[in-house]
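Enquirer: Residue numbers (the UniProt record's numbering), protein chains in the order written: chain A, 1 to 357; chain B, 1 to 357; chain C, 1 to 357. All C-beta atoms, glycine included, are put in the ideal place defined by N, C-alpha and C. All of these numbers come straight from a predicted model, not from anything done at the bench.
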Amino acid sequence: MKKIALSSALLAISGLASAQSSVTLFGIIDAALQRGSGSVADRTQLGSGANSSSRLGFRGVEDLGGGMSASFWLEAAVLVDTGAGGPTSTNNQPSGTPATLGGTQGLTFARRSTVSLTSSLGELRLGRDYSAHYYRYIYDPFGNNGVGASQTFLGAPTTGINRVSNQIAYHLPSNLGGIYGLVEYHLGENASNAGATKNDGNGGGVRLGWNGGPFDVSLTQARTSYASTATLGDITSTTIGARYDFSVFSVMGQYVRDKVDTAAAFTGRGGNIAGVWRVGAGEVKAMWSQYGTTAAAQPETKKLSLGYVHNLSKRTAIYGSYARVRNSGGATVALNGSITGANQSSSGVDLGIRHAF
Amino acid sequence: MKKIALSSALLAISGLASAQSSVTLFGIIDAALQRGSGSVADRTQLGSGANSSSRLGFRGVEDLGGGMSASFWLEAAVLVDTGAGGPTSTNNQPSGTPATLGGTQGLTFARRSTVSLTSSLGELRLGRDYSAHYYRYIYDPFGNNGVGASQTFLGAPTTGINRVSNQIAYHLPSNLGGIYGLVEYHLGENASNAGATKNDGNGGGVRLGWNGGPFDVSLTQARTSYASTATLGDITSTTIGARYDFSVFSVMGQYVRDKVDTAAAFTGRGGNIAGVWRVGAGEVKAMWSQYGTTAAAQPETKKLSLGYVHNLSKRTAIYGSYARVRNSGGATVALNGSITGANQSSSGVDLGIRHAF
Amino acid sequence: MKKIALSSALLAISGLASAQSSVTLFGIIDAALQRGSGSVADRTQLGSGANSSSRLGFRGVEDLGGGMSASFWLEAAVLVDTGAGGPTSTNNQPSGTPATLGGTQGLTFARRSTVSLTSSLGELRLGRDYSAHYYRYIYDPFGNNGVGASQTFLGAPTTGINRVSNQIAYHLPSNLGGIYGLVEYHLGENASNAGATKNDGNGGGVRLGWNGGPFDVSLTQARTSYASTATLGDITSTTIGARYDFSVFSVMGQYVRDKVDTAAAFTGRGGNIAGVWRVGAGEVKAMWSQYGTTAAAQPETKKLSLGYVHNLSKRTAIYGSYARVRNSGGATVALNGSITGANQSSSGVDLGIRHAF
Chain A
1 MKKIALSSAL LAISGLASAQ SSVTLFGIID AALQRGSGSV ADRTQLGSGA
51 NSSSRLGFRG VEDLGGGMSA SFWLEAAVLV DTGAGGPTST NNQPSGTPAT
101 LGGTQGLTFA RRSTVSLTSS LGELRLGRDY SAHYYRYIYD PFGNNGVGAS
151 QTFLGAPTTG INRVSNQIAY HLPSNLGGIY GLVEYHLGEN ASNAGATKND
201 GNGGGVRLGW NGGPFDVSLT QARTSYASTA TLGDITSTTI GARYDFSVFS
251 VMGQYVRDKV DTAAAFTGRG GNIAGVWRVG AGEVKAMWSQ YGTTAAAQPE
301 TKKLSLGYVH NLSKRTAIYG SYARVRNSGG ATVALNGSIT GANQSSSGVD
351 LGIRHAF
Chain B
1 MKKIALSSAL LAISGLASAQ SSVTLFGIID AALQRGSGSV ADRTQLGSGA
51 NSSSRLGFRG VEDLGGGMSA SFWLEAAVLV DTGAGGPTST NNQPSGTPAT
101 LGGTQGLTFA RRSTVSLTSS LGELRLGRDY SAHYYRYIYD PFGNNGVGAS
151 QTFLGAPTTG INRVSNQIAY HLPSNLGGIY GLVEYHLGEN ASNAGATKND
201 GNGGGVRLGW NGGPFDVSLT QARTSYASTA TLGDITSTTI GARYDFSVFS
251 VMGQYVRDKV DTAAAFTGRG GNIAGVWRVG AGEVKAMWSQ YGTTAAAQPE
301 TKKLSLGYVH NLSKRTAIYG SYARVRNSGG ATVALNGSIT GANQSSSGVD
351 LGIRHAF
Chain C
1 MKKIALSSAL LAISGLASAQ SSVTLFGIID AALQRGSGSV ADRTQLGSGA
51 NSSSRLGFRG VEDLGGGMSA SFWLEAAVLV DTGAGGPTST NNQPSGTPAT
101 LGGTQGLTFA RRSTVSLTSS LGELRLGRDY SAHYYRYIYD PFGNNGVGAS
151 QTFLGAPTTG INRVSNQIAY HLPSNLGGIY GLVEYHLGEN ASNAGATKND
201 GNGGGVRLGW NGGPFDVSLT QARTSYASTA TLGDITSTTI GARYDFSVFS
251 VMGQYVRDKV DTAAAFTGRG GNIAGVWRVG AGEVKAMWSQ YGTTAAAQPE
301 TKKLSLGYVH NLSKRTAIYG SYARVRNSGG ATVALNGSIT GANQSSSGVD
351 LGIRHAF
C-alpha cells in the first residue's frame, strides 16, 4: 500500500512543521471480473477488492518531542464496482447496524478510525480497529480477499467482530527485538440495567508474536460476549500461525479454534497451509484451507486456492485466482456469488486490476 | 473543472515519483436560489448544482513506462444545500437501491468509481461510470443541470441507468485524428437461476464520434435489459448529436430515440437545438428541447431555456437561468420542485454561484 | 483546529496559482472513555468528540482580485469510536431525516457545506451552516462537547435546528472595528399548496457582537416556523452572552430564552457562567449552567462542570472532565448515556485524547 505523503514541505508552508509530522492521503482501487459456479446457480459479477480491499484513507503523525507522537487513522471501505461504502457497527452487536443499505450505503471509516499516543513504551490507540478475532487472516497469502481467501471459518461466527467499535488498545513498541503484540478491549456500551444482554458486545484479546529475520510466529486469543440465543453466544477464538521466508519462496500456515456458546454450543476448528513463489515481477500462490464445526451434522468445508499476481509497478498489478471448495456435513459454502447445494462443490475465478496510491 | 494537483513534487517527497504520476483532489460547489411555478403549487428552494453538479473527487495517474499508465477516479455527488451525498445502485436494478434516505444519505462515489489500464491501444476501465445511455446530455449547453436542462426524456425510462455499476469499458485512444469512442458492458449480477429476471440490469452500448476542429459529431447506441413489467422492460436508446464552434458563437443539437419494452411498449423521441454566445467574461445560452412518447395519450413536453453565466475567474461564476415547459397528452413535467397539472405549463428561475477547485 | 494547507506552491504546480488561493484538508479526531451514572442505569462507553467534535473537512479560498474572493467549505462529522458519519436534514423538518441509521450512517457534510462570495462589503454564503439558534453555545468553555457541555436547553426544542440546510446568509466584513454579525434565512422548501405546514422549516435570525480587545459581547435572535402540534411549533430563541479575558484567566456567561409554540406553548430560560484558568500547558475549566421551562410541572436541570485540558502541542491534548446534573419538575437529564429517574441526579466523567490536523 503506497501513499501520497502531504509531508513536511507542506506542513512548513502552513507553519505546522516538525521534522516527522505528516498527513497522508492513501487508498487502493481493486476491481475484478468474477465468475462463480455452484450446483444451484452460477454468477458473473464485477467485484471489488479481490486482491486487496478497495479503500480510501487519511492518516497523520505529529511528533510531540521527547520520543512521543500523536497520530490518527481514518480508513473507509470503497466498493469500486458500485461506488458505495461499507457499514460499521455502533456497539458490536446486531442492533448497531440496522439493515443492509445496498446502493445507498455511504462511506464510513469502518475499516479503521483511531487516535493514538505513542512513546517508547508503546501505543495507546482508541477508536475502531481490528479486534483480536481478526488475526486468523494474517498467514493467508490471499489476504482474506477474493475467491482465494482462506476458509478459516464457516457460517459467520466472527465476521461481524473482525473489526470492532469502541476499542481501547495497547500495542507493544517496535523496539523489542522482533517481539510484537497488543492487548485490546472493546465495549458493547450497554446500559447497566440491560439484564442478560448487558455485556453483549464487550470483549477483548491478546496477541503476541516474534519476527526474527525470515521467521515469524504469533499466537492470538480473543473473546466477545453475547447472551446465549439460537444464533448468538460468547465467542472465544484462538489462532496460532507462522511464516518462513526463503529467498524466492515462503511458506505459511495457521491453526484456528473457535468456541461458540450459542444455545446449541459448538466448536469450530480449521486452518490453512500456503506457499508463495516469487518469479520475476510475478508471484504464484497456492493454499489449502479447511474449517469444520461440531454443530449438528458436523459441517465442514475444504478449499484449494491458486493465484498469480503480475506486478506492473510497486503500486499496480494484474492478477488471476482460481479456487474450489468441497462441502460436507450439510455445508453450502459457495464462491463468487454462486449458490451450491448441501455437500456440493463450488468453484470460482477472478481476473482483476489492483492500483494503490 | 479545475483542480489541485498533488503532483510530482509531492510524489518525489514520498519517494514515489515518476515523471507523469499525480493524485488530484477536485470538486465543484454550486448553489442556487431556485423558484418554480406550476398550476398546482409553486416552490422556493436552495438547490445544488444548477450550473454544474456539485461534487468531491480524488483521482490519480501512475506512469507505468512503455506508454502504459494505471489510473483511478473516485467522484462523489455532494448536495451543497444539505451536505448529503447521493446514492448508487449495486446492480442497475430497482432492488439495488432500497429506498430514498433523504438527510441520512452519506457520500458514495456514485458519479464515478473506476480503475483503468491505458496504453496507446486505448483504455480498459472497470467500475461505475456513465453508461452509453448517458450521452443524450452531451450537446446541452446547460449540461443537464438546473432549470434549463434539456427535456430529452419524459418520465424516467433512463434516469436510473445514466450511470451504471459493474461496468467493463474500452475507450478508444486519443491519437486517432479526432475519432473517439467507447464500448461498454454492464452487469446486473443476477444468479443464473433467477428465471425471467436473470438478465435484468445487464446491458451495454457503443459510442463513436469525430471531433475535427470546430466540428464535433457523435452517434451512441445503448441497451439495458429488464423483464417486461408495467414499469420496466428492455430500454434501447439511440442518440445522434453535433456541435459547431464559430469563434464567439456555437450551435449544437441532438436527436434521441428510446424504445421501452414495458408491458405496454412505447417509443420516445426528442431532442434539442441550442446556441451559446460568448460576450466578454459572460456566456448567453438559449435552447429549445422537446420529448414525446407513443404511450397512451401520447404525452409530450416542450421546453425553452435561457441562461447567462458570468465568469468571475476560470474557477468561479455567477449565473442565472430561466426556463418554461409546455405539457400535452397528459404530461405533468414541472420545474424546480413546483407541481403542475396535466397539460399545464410550468416555469422556473435559478440564481446561483458555481466554484470549482 | 490546525490544518494542512495545500497552498500556493501546489496551485502553482497545477497552473491555478494566485497569491492567496489555497485548498485545505483539515480535521479533528477526539476520543474519550466515558462513564455515566444515573439512578436507573450506568453506562461505560468510548465516545467521540468529548473535547472537540471529531470531523473531517475540505475548504478553499480563491482570490478573484479587486478585494473579492470565492470560497467553499465542506465539513463532515466523524464518530471516531465507530467510524460512522452523522446525518443532515434535507428540509429542516422531521420529514427530512427519515430514521436513525446507526452503524450504516455514511459521511455527510452536515456540519457545514457552503459556497461563498466575499468582498469588503461582507460575505454572501449559501448552503448548510449554523443557524442563529446555535449561538447559545459560544460562551461555553466546553464548546458544547462532552460531559461538561452547558445545560442551556432541556429536551430538544432547538437541537434539530442548530445547523440548517438551504440557508442564505450574509456575514458582516471583518474590518468594522470589532463589530461582527450576520443575517441568515433558511428554507423549509415546502410546496405552496402544503397548507398549514407550508412554512415549516422556514426561519432565520440576526446576530450582532462586538469584540474589543479582552472584551466580547453578542446578542442573537433566531426563529424557525412549524405548524403547532404536540411536539412542534414556532421556536423563537434569544441569546445574550459576554466574555472577558484577563491574562491567565477568563470569565464568560450567557442568558438564553426560548419561546416554543407547541400545542401547549411554553417558555424556556437558562444560561451559564464559567471561568477558565490557563496553568502552564494546561487549562482548568469550571461552569455552572441551568435551564428550566414553563411547561407543566416546570422541569428544570442544573449542572456543574469541571474540566482540565493538558496541551501536548498546539494540535494535541489529553483531557479529563467531570459533571453532575440535578433535575427537578420531572426532568430526567442524564449524562454519558446513563439513565436517571425523574428529579434524580446524574454524573459523568470523560478521559480523552484530542488531535487536530
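Can you list the residues of chain C that Glu184/A reaches, using a CB-CB cut of under 9 angstroms?
Expert: Ordered by position in chain C, no residue passes the 9 angstroms Cβ test against Glu184/A, which lies about 12 angstroms from the chain.
Enquirer: My assumption, with CB atoms under 8 angstroms, is that Phe317/A sits in contact with Asn51/A. Please give the rounded CB distance.
Expert: Reading off the sequence shown, one finds Ala at residue 317/A, where the question assumed Phe. Right, their Cβ atoms sit about 7 angstroms apart.
Enquirer: Helix or strand or just coil, what does DSSP make of Gly66/B?
Expert: Coil.
Enquirer: What separation, rounded to the nearest whole angstrom, lies between the Cα atoms of His133/B and Gly320/C?
Expert: 57 angstroms
Enquirer: Can you find a C-beta in chain A that's less than 7 angstroms from the C-beta of Gly224/B?
Expert: Reading off the sequence, residue 224/B comes out as Thr, not Gly. So no, Thr224/B is outside the interface.
Enquirer: What residue does the beta strand (DSSP E) around Thr267/A start on, and which one ends it?
Expert: Phe266 to Val279
Enquirer: Please compile the residues from chain A whose C-beta is within a distance smaller than 8 angstroms of the C-beta of Val217/C.
Expert: Here the premise fails: no neighbours, minimum Cβ distance about 31 angstroms.
Enquirer: Check whether the stretch 91-105 of chain A touches the stretch 49-64 of chain A, taking contact to mean three or more Cβ pairs, one atom from each stretch, closer than 8 angstroms.
Expert: Flag = no, the stretch 91-105 of chain A and the stretch 49-64 of chain A do not touch.
Enquirer: Would DSSP call Thr340/B helix, strand or coil?
Expert: Collapsing the DSSP output to three states places Thr340/B in coil.
Enquirer: Ser338/B and Ser37/B - do their beta-carbons sit closer together than 7 angstroms?
Expert: yes
Enquirer: List the residues of chain A that Leu83/B touches, going by C-beta distances under 9 angstroms, in chain order.
Expert: Looking at the sequence provided, one finds Gly at residue 83/B rather than Leu. Within chain A, no residue comes near Gly83/B; the closest Cβ sits about 12 angstroms away, beyond 9 angstroms.
Enquirer: Please report the distance separating the alpha-carbon of Arg163/A from that of Gln344/A.
Expert: 31 angstroms
Enquirer: Tell me whether Ala334/A is buried or exposed, calling it buried when 16 or more other Cβ atoms sit within 10 Å of its Cβ.
Expert: buried
Enquirer: Please name the residue in Lys285/B, Ala222/B and Gly275/B whose C-alpha comes closest to that of Lys259/B.
Expert: Ala222/B
Enquirer: If you pair each beta-carbon of the stretch 126-141 of chain C with each one of the stretch 125-141 of chain A, do three or more pairs fall below 8 angstroms?
Expert: At 8 angstroms Cβ cutoff, the stretches do not touch.
Enquirer: What do you get for Phe26/B, buried or exposed, if any count of 16 or more other CB atoms within 10 angstroms of its CB means buried?
Expert: buried
Enquirer: Would you identify the three-state DSSP class for Tyr139/A, choosing helix, strand or coil?
Expert: In the three-state reduction of the DSSP assignment, Tyr139/A falls in the coil class.
Enquirer: So, is Gly103/B buried or exposed, given that buried needs 16 or more other C-beta atoms within 10 angstroms?
Expert: Around the beta carbon of Gly103/B, 16 or more other beta carbons sit within 10 angstroms, so the residue counts as buried.
Enquirer: Taking a contact to mean a Cβ-Cβ separation below 7 angstroms, would you say Gly205/A touches Glu184/A in this structure?
Expert: yes
Enquirer: Quick one: list the residues of chain A neighbouring Thr44/C, beta-carbon separation under 8 angstroms, in chain order.
Expert: Leu187 and Glu189
Enquirer: Return yes when the Cβ of Asp30/A is within less than 7 angstroms of the Cβ of Ser54/A, no when it is not.
Expert: It is a contact, given that the beta carbons lie within the stated cut-off.
Enquirer: If we ignore side chains and look at the alpha-carbon of each, how far apart do Ser289/C and Thr236/C end up?
Expert: 20 angstroms
Enquirer: In the DSSP output, which residue or residues are listed as bridge partners for Thr231/A?
Expert: Its beta-bridge partners do not exist; DSSP assigns none.
Enquirer: Alpha carbon to alpha carbon, how far is Asn327/C from Ser71/B?
Expert: 59 angstroms
Enquirer: So Leu182/A packs on His171/A, CB below 8 angstroms; how close in whole Å?
Expert: 5 angstroms
Enquirer: Measure how close the beta-carbons of Gly282/A and Val248/A come, nearest whole angstrom, since I'm counting them as under 8 angstroms.
Expert: Between Val248/A and Gly282/A the Cβ distance is about 11 angstroms, and since that is not below 8 angstroms, they are no contact.
Enquirer: Just the Cα atoms here: how many angstroms apart are Ser113/A and Ser48/B?
Expert: Distance between Ser113/A and Ser48/B, taken at the CA atoms: about 30 angstroms.
Enquirer: Give me the DSSP bridge partner(s) of His171/C.
Expert: DSSP, once it has assigned bridges, lists Glu123/C and Leu182/C as partnering His171/C.
Enquirer: In terms of residue numbering, what span does the beta strand (DSSP E) encompassing Ser346/C cover?
Expert: Boundaries of the beta strand (DSSP E) harbouring Ser346/C: Ser345 to Ala356, taken from the DSSP string.
Enquirer: Would you say Val78/A reaches chain C, if we count a Cβ-Cβ gap shorter than 7 angstroms as a contact?
Expert: no
Enquirer: Can you find a CB in chain E that lies within less than 7 angstroms of the CB of Val115/C?
Expert: No chain E is present in this structure, whose protein chains are A, B and C.
Enquirer: Can you tell me whether DSSP reads Tyr244/C as helix, strand or coil?
Expert: The answer is strand: DSSP assigns Tyr244/C an E or B state.
Enquirer: Could you work out which residues of chain C lie near Ala196/A, taking near to mean beta carbons separated by less than 8 angstroms?
Expert: Within 8 angstroms Cβ-Cβ: nothing; Ala196/A doesn't reach chain C, min ~14 angstroms.
Enquirer: List, in order along the chain, the chain C residues whose C-beta lies closer than 7 angstroms to that of Thr316/B?
Expert: Glu62, Leu64 and Ala70
Enquirer: Determine which residues of the stretch 117-129 of chain C have a Cβ less than 7 angstroms from any Cβ of chain B, and write them out in chain order.
Expert: Leu117, Leu126, Gly127 and Arg128
Enquirer: Leaving out five residues on either side along the sequence, give the residues of the same chain with a beta carbon under 8 angstroms from the beta carbon of Trp210/A.
Expert: Gly178, Ile179, Tyr180, Asp216, Val217 and Ser218
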